[in-house]
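Engineer:
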Amino acid sequence: MPELPEVETICRHLRDGNSANPSILGFIIKNTQVLWPRSLATPSVEEFSSRLPGQAIKQISRRGKFSILTLTTDTILIHLRMSGDLLVEAVDAAPAVHTRILVNFRNGMRLAFNDTRKFGRMWLVNEPELVTGDLGPEPLAPNFTADDLFKRLKATRRQLKPLLLDQTFLAGLGNIYVDESLNLAHLHPLENSQHINEQQTLCLWNSIRQVLNAAILRNGASIDWVYRGGDFQNYFRAYDREGKACLDCGAPIQRIKVGQRGTHFCPQCQQLSK
DNA sequence: CACGAGACCTGTTCGC
DNA sequence: TGCGAACAGGTCTCGT
Numbered sequence: 001m002p003e004l005p006e007v008e009t010i011c012r013h014l015r016d017g018n019s020a021n022p023s024i025l026g027f028i029i030k031n032t033q034v035l036w037p038r039s040l041a042t043p044s045v046e047e048f049s050s051r052l053p054g055q056a057i058k059q060i061s062r063r064g065k066f067s068i069l070t071l072t073t074d075t076i077l078i079h080l081r082m083s084g085d086l087l088v089e090a091v092d093a094a095p096a097v098h099t100r101i102l103v104n105f106r107n108g109m110r111l112a113f114n115d116t117r118k119f120g121r122m123w124l125v126n127e128p129e130l131v132t133g134d135l136g137p138e139p140l141a142p143n144f145t146a147d148d149l150f151k152r153l154k155a156t157r158r159q160l161k162p163l164l165l166d167q168t169f170l171a172g173l174g175n176i177y178v179d180e181s182l183n184l185a186h187l188h189p190l191e192n193s194q195h196i197n198e199q200q201t202l203c204l205w206n207s208i209r210q211v212l213n214a215a216i217l218r219n220g221a222s223i224d225w226v227y228r229g230g231d232f233q234n235y236f237r238a239y240d241r242e243g244k245a246c247l248d249c250g251a252p253i254q255r256i257k258v259g260q261r262g263t264h265f266c267p268q269c270q271q272l273s274k
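Numbering-wise (our numbering), the first sequence opens with residue 1 and increments by one.
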């Protein structure tokens, strides 16, 4: 479910609290329960349960689609993949059907890692760079410039859609936000990165940041049964709008398959260069 | 190097 | 109504 805006929203809730729950900053871990061992990427269940008790949550941050919990001596990283979620709840509540890992705190609260499809993963490491080291730049970082993007586009010759989904190229975009960014920038998803000029790159750079910022303001998107409280789905330009009018020209949005992923674009506004 | 297919999983929706 | 197919916000690995 989650791409950068959704992960950012979840991290903010953990860090700042919300109407339902307090911030978990400062909470001290009492123990853990791994209900589905494969959800734990590393270390072993035994080591996970022995290293965590006594450590406090010192900091909560995000890198790409990773949620990062900086502890007293270690770091927990979580990737929610398609269907993961992080919830704060009382330790005495019955775990939800799809709860995979529980981190219980001394104060009677716990962090639940729920994940219907079991694709998500949690890591416990000393050095977070071991997990996030290959990620590309953070699209909203102040030091990520349009010129950086241009250089990266020129360093390869790939179709824009799969390229923007590649987390080593740029960190945090997923299927929704790539479609949204390309539509806003009027670039065809199959356009080759070599064909993009500086003008178009500036437009793409702006579009990506505009779309991500707008989505974060709306607390991300909620789709179908995977509901998170965000409402950016009501502002989609292309994603999940097959047959509906393009917001810029009125032509019907088209849906094609690119690298196994549903891809939505406007055949009028987003033309392939010859 | 770039791309497509298959795998990993469960649940919902679509089409006949 | 029922049932199988297709599809879902992600990423890894393998083959060409």
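C-beta atoms are modelled at their ideal positions from N, C-alpha and C, and glycine is treated no differently.
Report the residue ranges of all alpha helix (DSSP H) runs contained in full by the stretch 92-120; include only those spanning at least 4 residues, in chain order.
Structural biologist: none
Engineer: Going along the chain, which residues of its own chain have a beta-carbon closer than 6 Å to the beta-carbon of Q194, five neighbours each way excluded?
Structural biologist: Against the first sequence, residue 194 aligns to sequence position 194. The residues are R157.
Engineer: For R158, which of helix, strand or coil comes out of DSSP?
Structural biologist: The residue labelled residue 158 in the question sits at position 158 within the first sequence. Correct three-state label for R158: coil.
Engineer: Who does L71 pair with in a DSSP beta bridge?
Structural biologist: The residue given as residue 71 occupies position 71 in the first sequence. Paired residue(s): I57.
Engineer: May I have the straight-line CA-CA distance separating K30 from E191, to the nearest angstrom?
Structural biologist: Taking the first residue of the first sequence as 1, we reach residue 30 at position 30. Taking the first residue of the first sequence as 1, we reach residue 191 at position 191. A straight-line Cα-Cα distance of about 52 Å links K30 and E191.
Engineer: I need the straight-line Cα distance from L165 to V178, nearest angstrom please.
Structural biologist: Stepping through the first sequence from its first residue, residue 165 is reached at position 165. Stepping through the first sequence from its first residue, residue 178 is reached at position 178. Between the alpha carbons of L165 and V178 lies a distance of about 7 Å.
Engineer: Can you tell me whether DSSP reads H264 as helix, strand or coil?
Structural biologist: As a first step, residue 264 is located in the first sequence; it is residue number 264 there, counting from the start. Strand, per DSSP.
Engineer: So, with DSSP's three-state summary, where would you put W36?
Structural biologist: Residue numbering aside, residue 36 sits at position 36 when the first sequence is read from its first letter. W36: coil per DSSP, three-state reduction.
Engineer: Decide if C249 is buried, meaning its Cβ has at least 16 other Cβ atoms within 10 Å, or exposed.
Structural biologist: If you number the first sequence from 1, residue 249 lands on position 249. The residue is exposed, with fewer than 16 neighbouring Cβ atoms inside 10 Å.
Engineer: Touching or not, the stretch 40-54 and the stretch 113-127, by the rule of three or more beta carbon pairs under 8 Å?
Structural biologist: yes
Engineer: So E3 is in the beta strand (DSSP E); what residue range does that whole segment cover?
Structural biologist: Taking the first sequence and counting its residues from 1, the one referred to as residue 3 is at position 3. It is not in any beta strand (DSSP E) - E3 carries neither H nor E in the DSSP assignment.
Engineer: Give a yes or no on whether the C-beta atoms belonging to L80 and L14 are separated by under 9 Å.
Structural biologist: Counted from its first residue, the first sequence places residue 80 at position 80. Counted from its first residue, the first sequence places residue 14 at position 14. Cβ distance not < 9 Å, so L80 and L14 don't count as in contact.
Engineer: Considering only their Cβ atoms, is the gap separating E127 from T75 smaller than 9 Å?
Structural biologist: Counted from its first residue, the first sequence places residue 75 at position 75. Counted from its first residue, the first sequence places residue 127 at position 127. In contact: T75 and E127 (Cβ atoms closer than 9 Å).
Engineer: For the alpha helix (DSSP H) that contains Q270, what are its first and last residues?
Structural biologist: Taking the first sequence and counting its residues from 1, the one referred to as residue 270 is at position 270. From DSSP, Q270 is part of no alpha helix (DSSP H); its letter is neither H nor E.
Engineer: Does the beta-carbon of R62 have 16 or more other beta-carbons within 10 angstroms, so that it is buried, or is it exposed?
Structural biologist: For the purposes of this step, residue 62 is taken as residue 62 along the first sequence, with counting starting at 1. Burial call: buried.
Engineer: Taking the CB atoms as reference points, tell me whether F232 and G243 lie closer together than 9 Å.
Structural biologist: Stepping through the first sequence from its first residue, residue 232 is reached at position 232. Stepping through the first sequence from its first residue, residue 243 is reached at position 243. Not closer than 9 Å, so no.
Engineer: Nearest-angstrom Cα distance between F27 and N104?
Structural biologist: Locating residue 27 in the first sequence gives position 27, counting from the first residue. Locating residue 104 in the first sequence gives position 104, counting from the first residue. Their Cα atoms are separated by approximately 9 Å.
Engineer: Report the three-state DSSP secondary structure of A221 (helix, strand or coil).
Structural biologist: Residue numbering aside, residue 221 sits at position 221 when the first sequence is read from its first letter. Looking at A221 - three-state DSSP - the assignment turns out to be coil, as it is neither helix nor strand.
Engineer: Just mark N107 as buried or exposed, buried being the case when its beta carbon has 16 or more other beta carbons within 10 Å.
Structural biologist: Within the first sequence, residue 107 is the residue found at index 107, counting from 1. By the 10 Å Cβ count, N107 comes out exposed.
Engineer: Quick one, which of H98, N18, L149, I68 has its alpha-carbon nearest E129's?
Structural biologist: As a working mapping, residue 129 is identified with position 129 in the first sequence. The residue with the shortest Cα to Cα distance from E129 is I68.
Engineer: Helix, strand or coil for A41, going by three-state DSSP, please let me know.
Structural biologist: Residue mapping note: residue 41 aligns to position 41 of the first sequence, counting from 1. In the three-state reduction of the DSSP assignment, A41 falls in the strand class.
Engineer: Which residue wins for smallest C-alpha separation from Q268, given the options C246, I256, T132?
Structural biologist: Position 268 of the first sequence, counted from the first residue, corresponds to residue 268. It is C246 whose Cα lies nearest to the Cα of Q268.
Engineer: According to DSSP, is D85 part of a helix, a strand, or is it coil?
Structural biologist: Counting from one through the first sequence, the residue named residue 85 turns up at place 85. Residue state, collapsed to three classes: strand.
Engineer: If you check the beta carbons only, do P95 and L187 fall under 9 Å apart?
Structural biologist: Taking the first sequence and counting its residues from 1, one reaches residue 95 at position 95. Taking the first sequence and counting its residues from 1, one reaches residue 187 at position 187. No, these two residues do not count as a Cβ contact at 9 Å.
Engineer: Opposite Q200 in the DSSP bridges: which residues?
Structural biologist: By 1-based counting over the first sequence, the position of residue 200 is 200. According to DSSP, which records beta bridges pairwise, Q200 is partnered with nothing at all.
Engineer: How long is the line joining the alpha carbons of G172 and V211, rounded to whole angstroms?
Structural biologist: For this step, residue 172 is matched to residue 172 along the first sequence. For this step, residue 211 is matched to residue 211 along the first sequence. CA-CA distance, G172 to V211, rounds to 12 Å.
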